[in-house]
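The block underneath contains the structure these notes are about, expressed in structure tokens.
Number of protein chains: 6
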Amino acid sequence: MKISARNVLKGKVVSVEKGATTAHVKIEIAGGQLVTASITNESVDSLKLTVGGEAYAVVKSSDVLVAVD
Amino acid sequence: MKISARNVLKGKVVSVEKGATTAHVKIEIAGGQLVTASITNESVDSLKLTVGGEAYAVVKSSDVLVAVD
Amino acid sequence: MKISARNVLKGKVVSVEKGATTAHVKIEIAGGQLVTASITNESVDSLKLTVGGEAYAVVKSSDVLVAVD
Amino acid sequence: MKISARNVLKGKVVSVEKGATTAHVKIEIAGGQLVTASITNESVDSLKLTVGGEAYAVVKSSDVLVAVD
Amino acid sequence: MKISARNVLKGKVVSVEKGATTAHVKIEIAGGQLVTASITNESVDSLKLTVGGEAYAVVKSSDVLVAVD
Amino acid sequence: MKISARNVLKGKVVSVEKGATTAHVKIEIAGGQLVTASITNESVDSLKLTVGGEAYAVVKSSDVLVAVD
């Protein structure tokens with residue numbers, strides 16, 4: 001499947017923390033930066049996300065804000 | 001100002017394309033990856049975004065999807 | 001690629017309207033309902049979206065509101 | 001109240017799962033497809049959402065991604 | 001229609017600027033603050049939004065970030 | 001840090017409710033209206049949000065819907 005999202009950042013899962021319904025997944029992308037995703041527990045199970053696995057952080061460009069110092 | 005967004009990726013603006021009301025800004029972050037932001041023309045002016053300037057791509061974690069191959 | 005988004009609705013593209021930077025794509029999903037997506041012109045080109053083609057409308061569950069009469 | 005969201009999909013609530021603060025509501029829309037919404041527990045109470053009730057899944061078009069096979 | 005969004009801020013439309021596909025609507029809410037909404041031109045027409053009219057700015061709580069000085 | 005989001009509403013934190021992973025923060029803005037933000041517990045800690053403190057509710061204009069009666 002190919003997706004319209006302009007931002008597809010490849011990385012490695014470094015943590016998966018399930019809550020009651022919502023999970024936080026941290027992915028280390030190129031350059032060593034961490035990206036945190038807040039997704040459903042159901043998605044974690046469905047994608048079989050586990051620490052050490054490869055994954056992509058995917059972001060629609062309309063969800064990216066820009067900041068300057 | 002400090003923001004709740006978990007993802008604040010530092011980089012350099014590599015392109016700014018204004019449309020009629022909406023602009024696309026591309027930021028090269030660490031690791032050489034491009035992040036595209038779709039923001040208002042008004043924001044581009046307000047932040048004085050120009051090619052070559054430093055900027056951050058900011059994403060709320062609830063706006064990050066995860067994908068696997 | 002498998003995505004965490006819980007909502008992946010299969011359909012057929014019924015219109016593609018490009019703006020200056022932002023395009024509107026309408027997809028007819030099962031049951032005959034139309035779903036409108038606002039994506040970058042760049043994505044339309046990248047996915048080669050054309051009227052009559054198959055496509056999926058993909059929505060993260062945190063982006064779904066619920067309403068009642 | 002009439003809303004700007006282009007996507008208002010009528011259906012029936014098939015499950016409501018409350019978490020600590022965030023609930024997952026599944027709505028079966030026309031064509032038999034399920035749409036999952038992640039909303040606050042507070043909203044579930046405020047709308048009195050219960051299994052079997054009619055409800056709409058509402059999505060702003062800038063929150064719809066498009067994918068192709 | 002009653003909506004799950006926790007934030008429904010009543011106000012008055014103070015400007016409507018249509019672009020090629022995307023419009024910017026500014027609503028003055030209580031306290032004199034302006035809220036800018038980026039919606040489709042189609043929605044502007046559908047809701048018959050005009051300067052001086054009453055309108056609500058509606059925001060899902062998962063789309064609200066928090067910042068401190 | 002200056003942010004592209006067009007909506008930065010100053011207020012006072014009136015409640016902070018942590019869930020398993022996701023917190024709900026209510027901010028009273030000018031005019032006495034409450035804005036609810038759904039953010040990570042981690043952000044609450046990172047920004048040291050506490051009842052009575054000053055804070056801003058920040059919303060990207062593409063996340064604002066418009067409604068009329």
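So the sequence lines, in the order shown, correspond to chains G, C, L, F, A and U.
For the first sequence, the UniProt record's numbering begins at 1 and goes up steadily by one.
For the second sequence, the UniProt record's numbering begins at 1 and goes up steadily by one.
For the third sequence, the UniProt record's numbering begins at 1 and goes up steadily by one.
For the fourth sequence, the UniProt record's numbering begins at 1 and goes up steadily by one.
For the fifth sequence, the UniProt record's numbering begins at 1 and goes up steadily by one.
For the sixth sequence, the UniProt record's numbering begins at 1 and goes up steadily by one.
We put the beta carbon where it would ideally sit given N, CA and C, even for glycine.
Kindly list, in the order they appear in chain L, the residues whose Cβ is closer than 8 Å to that of residue i.
i: Ala67/C; result: Met1, Lys2, Ile3, Ser4
i: Val13/G; result: Here the premise fails: no neighbours, minimum Cβ distance about 12 Å.
Residue i touches chain C at which residues, Cβ-Cβ below 8 Å?
i: Glu54/G; result: Val68, Asp69
Would you report the Cα separation of residue i and residue j, rounded to the nearest angstrom?
i: Leu65/C; j: Gly11/C; result: 21 Å
i: Ser61/A; j: Asp63/L; result: 10 Å
i: Ile26/C; j: Lys48/F; result: Sequence inspection shows Lys at residue 26/C; the Ile mentioned does not correspond to that position. Going by the C-alpha atoms only, they are around 43 Å apart.
i: Lys18/C; j: His24/C; result: 6 Å
i: Val44/C; j: Ala20/L; result: 16 Å
i: Arg6/A; j: Val51/L; result: 37 Å
i: Gly53/A; j: Gly31/A; result: 17 Å
i: Glu42/U; j: Ser46/F; result: 27 Å
i: Thr22/U; j: Ser4/C; result: 12 Å
i: Val16/U; j: Val16/C; result: 38 Å
Can the beta-carbon of residue i be found less than 7 Å from the beta-carbon of residue j?
i: Leu9/U; j: Ile29/U; result: yes
i: Lys2/L; j: Val14/C; result: no
Taking 6 Å as the cut-off, is the C-beta of residue i nearer than that to any heavy atom in the ligand ATP?
i: Ala23/F; result: Of the ligands one can find in the structure shown there are none, so the ligand ATP has no counterpart to examine.
Would you mind telling me which residues of chain F sit closer than 7 Å to residue i, beta carbon to beta carbon, in chain order?
i: Lys60/G; result: Leu65
Could you tell me which chain L residues have their CB closer than 7 Å to the CB of residue i, listed as they occur along the chain?
i: Ala20/A; result: Gly19, Ala20
Is there at least one Cβ from chain E nearer than 7 Å to residue i's Cβ?
i: Arg6/A; result: Reference to chain E is not applicable here, since the protein chains of this structure are G, C, L, F, A and U.
Exercise for the section: Kindly confirm or deny that the region 48-60 of chain U and the region 20-40 of chain U touch, where touching means at least three C-beta pairs closer than 8 Å. Expected result: yes
Handout entry: Where the region 22-51 of chain A meets chain C: residues whose CB sits under 8 Å from a CB there
Key = Thr22, Ala23, His24, Thr36, Ser38
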